[in-house]
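Once you know that position 146 of the sequence shown is 146 in full-length UniProt numbering, the rest is easy, because the numbers rise by one and skip nothing. For each residue, glycine too, the CB sits at the ideal point set by N, CA and C. Each remark here refers to the structure printed beneath this line.
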Amino acid sequence: MDSCQARHQGRHHCVPSSWRNLRQCWMCPKENIMFNAASFLENRELYEGYGLSAASELKLDFPTLKKNRDAYIEWLNGIYGGMIANNSMTLIKGWAKFVDNHTVEVDGKDRYTADHILIAVGSRPDKGGFEGDEYCIDSDGFFALEDLPKKVIVYGGGYIGTELGQILHALGTKVIQVVRSEILRIADDDIREQLYKLMDLSGYEYRKKTTIVKVEKTDSGLRVHLSDGTIEEDVDECIVATGRPANVEGLGLENTDIELTKKGHIKVDEFNVTTVPNVYAVGDVTGAAELTPVAIKTGRTLVERLFNNRPDLRMDHDLIPTVIFSHPPIGMIGLTESQAKEKYGEENIATYKSTYVNMFYSLIQDREKKPKNMIKYIVNKQEDEKIVGLHLIGKDCDEMLQGAAIAIKMGATKKDFDRTVAIHPTGSEELVLADPYV
């Protein structure tokens, strides 16, 4: 997409690409389709309350789901291919590596030089680092599954592990999520605690402060040894989602003056220039927020700066909205409460919280079984209660965050939200009806 935008500025572009060419965030739409399928199934017990008597008989045809999902992704990839072709760009299929600071070689054959070179190779799944990790799969392997596994260990407490584990749980798989410390450490503490409550309510199993010691292959599947001394037998799949290192191996960076950070990301300045002039890097490979829209916006910002006479334009990494597609989803923008207190001082921070039941669950008779949404504002009292963090968890929070993010990016205060009339009855009305200061 960055190349297409640059082409509009009258620049000729060659795009070397590996086998995943044009697969712009190929995992995101795949995962969203699986999230939707899981949402249908996890709510089927509610349908009878709405008069849908046959809903309880819903059954998952996993091969059909996979076939239709993959067909959609292929269609989507075709669109990106069309963007390349329609902009008269040259697509070179192969593996590109640097041979010097300004020359790349594709598949050990043809060499190319350019006035500007952009590195946008993303990240790759971590392997695990324990005995028997060769028997495990990563997020790529999850999307290659032909059948729904009966029992799965998910190793990792980040957003990928949590999303995949909860998708499988909602689809009917027995899931045990194993995490080295806490699930979703990036989340605000109150939101994380609410997630644990909702996981417990749904019967989702997790083991905190636990690691995988060893995985063995047996006649009946996998045997997984955990650091808490337990052994899980008859495991169909062990999914490793413990992080995504920068995908820098095989790029030939040793032939250049391009430097890496201590964490192995390509070092860039505020304009996304590497330590070699006219060589740039964007996206996960730089250690920026691992979000597709961040990479896209960074690339477009770079193109505007280089080719549209905007020399001071740079990517703003402050207040980036993020959604984790757990069940239920979590939305966040800005600082957590602990981060805000560390930055501004505990005495200068106030919070506003609201918990409520989305009306979708209104026909559940047992009140204890009704999942509760939570909204939490974090404000800076020194700046007229300017919102420095907003955190949401619960049904439809993924769709509620974007509008609020615009206001917060513009510097909204809690009073601005208080002055806004609620849209009733909706879940988003709670954004302007949050409880008083607590």
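Between the stretch 244-262 and the stretch 122-129, the count of Cβ pairs shorter than 8 Å is three or higher; the stretches touch. When the alpha-carbon of Glu-383 is set against those of Asp-398, Lys-395, Gly-411, Asn-358, the nearest one is in Gly-411.
With respect to the 8 Å criterion, Ile-167 and Arg-207 are not classified as neighbours on the basis of their beta carbons. In summary, Pro-293 is exposed, with fewer than 16 beta-carbon neighbours lying within 10 Å of its beta-carbon over all protein chains present. As a beta-bridge residue in DSSP terms, Phe-98 pairs with Val-104. Sixteen is the threshold: when 16 or more other Cβ atoms of the shown chains lie within 10 Å of the Cβ of His-327, as they do, the residue is buried. When DSSP states are grouped into helix, strand and coil, Val-121 belongs to the coil group.
Annotation for Ser-39: the continuous alpha helix (DSSP H) segment containing it runs 27-42.
As summarised for the stretch 213-290, the continuous beta strand (DSSP E) elements at least 3 residues long and confined to that stretch are 221-226, 231-235, 237-240, 279-281, given in chain order. Residues Asn-358, Gly-427 of the same chain have their beta carbon placed closer than 7 Å to that of Asp-396, with the five preceding and five following residues left out of the count. Bounds of the alpha helix (DSSP H) holding Glu-304 are 292-307. The Cβ-Cβ distance between Lys-343 and Asp-190 does not fall below 8 Å. A residue is called buried when at least 16 other Cβ atoms come within 10 angstroms of its Cβ; Ser-139 meets this threshold and is buried. DSSP places Lys-341 within a helical segment (H, G or I) once states are collapsed to three.
In the three-state reduction of the DSSP assignment, Glu-134 falls in the helix class.
In the DSSP assignment, Asn-373 falls outside any alpha helix (DSSP H) and lies within the beta strand (DSSP E) extending over 373-380.
With the rule of 3 Cβ pairs closer than 8 Å, the stretch 304-317 does not count as touching the stretch 137-154. Burial of His-391 is indicated by the presence of at least 16 other C-beta atoms within 10 angstroms of its C-beta.
When the Cα atoms are used, Tyr-112 and Val-104 turn out to be separated by approximately 5 Å.
Contact check for Lys-97 and Leu-251: beta-carbon distance about 5 Å, within the 8 Å limit, so the pair qualifies.
Closest by C-alpha distance to Asp-236, out of Tyr-196, Leu-222, Phe-35, is Leu-222.
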